[in-house]
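Numbering (my numbering), first residue to last: 23 to 187. Ideal placement from N, C-alpha and C gives every residue a C-beta, glycine not left out. Before any comments, here is the structure.
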């Protein structure tokens, strides 16, 4: 389980998170904001060897940059099946949601029956075909979008998606 996995070399991983994005995005217009936002994750990596803590820290850094004010719920704290589609339906129900947002990769293996049995919706997220931030979104990193367009630009793109769908 991810909560039990450990980084082999946390100090090296912290250095890489500090150096690699700078190498790739330093010339981007919003690099300084992104760099500052990633610093708490770099510290977390250096302080812990747990991959779950690292995954949560990096996710929180990016979500906080976008102004997200939600709460983190760990699947390990919830009762759920070990079958992957049933588990996802169980987790969707456990957090009180009525819709499971699925990427196109997960759609290849997702069994919709457990969702239908619980009267849950499955919504497939497909980035819009466009020439702006979403161009090539399936093949780029969230870091690229944040460095190139900044938090307000990425946030606005998501808000536009919410209002048009």
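Is the separation between the beta-carbon of residue 142 and that of residue 185 shorter than 8 Å? Numbered from its first residue, the chain shown carries residue 142 at position 120. Numbered from its first residue, the chain shown carries residue 185 at position 163. No, these two residues do not count as a Cβ contact at 8 Å.
Identify which residue in 89, 91, 95 and 60 has its Cα closest to the Cα of residue 79. Your numbering for residue 79 matches position 57 in the chain shown. Considering only alpha carbons, the answer is 60.
Taking the beta strand (DSSP E) that residue 121 falls in, what are its first and last residues? By one-based count along the chain shown, residue 121 stands at place 99. Under the DSSP assignment, residue 121 falls in the beta strand (DSSP E) whose first and last residues are 121-125.
Buried or exposed by the 16-neighbour rule on C-beta atoms within 10 Å, applied to residue 104: Working through the chain shown from its first residue, we reach residue 104 at position 82. Classification of residue 104: exposed, given that the 10 Å Cβ count is below 16.
Taking residue 247 as part of the beta strand (DSSP E), name the residues at either end of that continuous run. The shown model of the chain, from 23 to 187, leaves out residue 247, and the question about it has no answer.
Helix, strand or coil, according to DSSP, for residue 28 in the structure here? Here residue 28 refers to the residue found at position 6 of the chain shown. Here residue 28 sits in strand by DSSP.
Between the alpha carbons of residue 48 and residue 156, how many angstroms are there, rounded? Here the question's residue 48 lines up with position 26 in the chain shown. Here the question's residue 156 lines up with position 134 in the chain shown. Those two C-alpha atoms are separated by around 21 Å.
Going by alpha carbons, who is nearest to residue 154 out of 147, 145, 180 and 83? The residue labelled residue 154 in the question sits at position 132 within the chain shown. Closest option to residue 154, judged by alpha-carbon separation, among 147, 145, 180 and 83: 180.
For residue 169 versus residue 53, is the C-beta distance shorter than 8 Å? Taking the chain shown and counting its residues from 1, one reaches residue 169 at position 147. Taking the chain shown and counting its residues from 1, one reaches residue 53 at position 31. Contact annotation: residue 169 and residue 53 have beta-carbon atoms nearer than 8 Å.
Excluding sequence positions up to five away, which residues of its chain have a Cβ less than 7 Å from the Cβ of residue 117? Sequence index remark: in the chain shown, residue 117 carries index 95 (1-based). Around residue 117: 95.
Can you list, in chain order, the residues of its chain with a C-beta nearer than 8 Å to that of residue 36? Leave out the 5 residues immediately preceding and following it. For the purposes of this step, residue 36 is taken as the residue at position 14 of the chain shown. Within the same chain, residue 36 has close Cβ partners 64, 65, 67 and 68.
Assuming residue 51 contacts residue 172 (C-beta within less than 8 Å), just tell me the rounded distance between them. Within the chain shown, residue 51 is the residue found at index 29, counting from 1. Within the chain shown, residue 172 is the residue found at index 150, counting from 1. Contact check for residue 51 and residue 172: beta-carbon distance about 7 Å, within the 8 Å limit, so the pair qualifies.
Under three-state DSSP, which class holds residue 175? Along the chain shown, one-based indexing puts residue 175 at 153. In the structure shown, residue 175 sits in a helix (DSSP, three-state: H, G or I).
Range covered by the alpha helix (DSSP H) that runs through residue 107: Taking the first residue of the chain shown as position 1, residue 107 is located at position 85. Note, residue 107: alpha helix (DSSP H), 106-116.
For residue 76, the first and last residue of its enclosing alpha helix (DSSP H): Within the chain shown, the letter at position 54 stands for residue 76. Element bounds for residue 76: 73-87.
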